[in-house]
Amino acid sequence: MALADWLAQCPLPRLEKYLLVQHATRLTRAQLLTRDHLPLTAEQQQHLQALLQRRLAGEPMAYILGTRGFYGRDFAVSPAVLIPRPETEHLLEAALAHLPEHGTLWDIGTGSGIIAITAKLERPDARVFASDVCDYALALARGNAATLGADITFAQGSWLDVQPAPPLCHIIVSNPPYIEADDPHLHTGDLRFEPQHALTDFSDGLSAYRHIAAAAPAHLHHGGWLLFEHGYQQGAAVRQILRDNGFQSVATLPDLAGHERVSFGQFAPL
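First residue of the sequence shown: 1232, per this note's numbering; consecutive thereafter.
Laid out in structure tokens, this is it:
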């Protein structure tokens, strides 16, 4: 079977089937366009069929291909971590906007490391720390940092309870699990395949914000900032949590769809 024949019979959208063929054959998109007459080996056909069945079963392309782009860079991903989403770029940009020169940033619940690694690459002057409770996620994040050349200090632990703890930070940033336990979306689409502990707190969707906001002041410089990504209906609740824990200048930024997506506050005790 030639490449062109497989592409013609593949029921997936055009972009997805081309990505699968590139993944299986290691040809570039330009090469596919000029070499689609080439025959597929038996091994390549078996590989493509296996990839196709995974996609038809609903598995996200990011997990099938093992990579997802974020802020112009490719990051390795696996079912141990959330798939990077464009909305998180708003969280990153807000963190960078508040990060002083030679400042210190701590990314809590780093997952694949997209926030910490991108922050370091965008701001080489900064000291960047990243932590996660999951050893599989940390291994993936360390691999991404090594591949992309980002000098990050990693630690394992639950939220801010890590050893050794980072020094006082100018920025603490987190995209914690915020989906409510009974939300039906957990059982639909890509979310079916993503790690549940990274999607939901198995409660009201706000417990991680309460925990982090209460503990963060002990780890922030005077004038430091705590920034969160959250669900589009959680802005008011997250702002109140920040205020209840003594944060000032509390505000929320929208995503490109106009939904409240990133809330933050400044630790500035009187």
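C-beta: ideal position from N, C-alpha, C; glycine also.
At the C-beta level, S1343 and A1372 come within 8 Å of one another. In the three-state reduction of the DSSP assignment, H1254 falls in the helix class, which pools H, G and I. Taking the Cα positions, T1298 is about 38 Å away from R1474. Sorting A1447, F1459 and A1499 by C-alpha distance to the C-alpha of R1492 places F1459 at the top.
Around the beta-carbon of A1449, fewer than 16 other beta-carbon atoms lie within 10 Å, marking it exposed.
Around R1470, the same chain offers V1481, T1483 and S1494 as residues with beta carbons nearer than 7 Å, after the five sequence neighbours per side are excluded. Around the C-beta of D1432, 16 or more other C-beta atoms lie within 10 Å, and the residue is accordingly described as buried. Under DSSP, C1400 forms a beta bridge with L1451. Beta-bridge partners assigned by DSSP to G1300: D1305. Between E1425 and L1313 the beta-carbon gap is near 6 Å, inside 8 Å, which marks them as a contact. Of the candidates V1252, V1359 and T1419, T1419 places its Cα closest to the Cα of E1290.
Its chain contains D1338, T1341, G1344, A1347, A1372, I1383 and F1385 as the residues whose beta carbon lies nearer than 7 Å to that of A1361, once the 5 sequence neighbours on both sides are disregarded; these appear in chain order.
When rounded, the separation of the alpha-carbon atoms in G1334 and R1358 is 6 Å.
Of the candidates C1241, A1447, P1407 and A1370, A1447 places its Cα closest to the Cα of L1391. Its Cα nearest to that of P1500, the residue G1477 stands out among G1477, A1377 and D1486. Selection Q1276, Q1277, L1279 and L1246 evaluated against R1260 yields L1246 as nearest (Cα-Cα). In this structure, Y1409 sits near G1462, with a CB-CB distance shorter than 8 Å. DSSP places W1237 inside the alpha helix (DSSP H), whose first and last residues are L1234 to Q1240. Closest in alpha carbon position to L1422, among W1237, R1316, L1238 and L1271, is R1316. Nearest C-alpha to P1331 among L1250, L1251 and I1402: I1402. By the neighbour-count criterion, in which 16 or more other beta carbons inside 10 Å mark a residue as buried, E1320 falls on the buried side.
Between Y1440 and P1407 a beta carbon distance of about 7 Å is seen, short of the 8 Å cut, so the two are scored as contacting.
Counting along the chain, D1366 sits inside no beta strand (DSSP E); it lies in the alpha helix (DSSP H) bounded by residues D1366 to L1379. For I1339, the uninterrupted beta strand (DSSP E) run begins and ends at T1335 to I1339, by DSSP. The C-alpha of G1454 lies about 11 Å from the C-alpha of L1399. According to the DSSP assignment, A1326 belongs to the alpha helix (DSSP H) that extends over T1319 to H1329. The C-beta distance from A1350 to L1323 rounds to 7 Å, short enough to fall under 8 Å. For P1270, the pairing in a beta bridge is given by DSSP as A1233.
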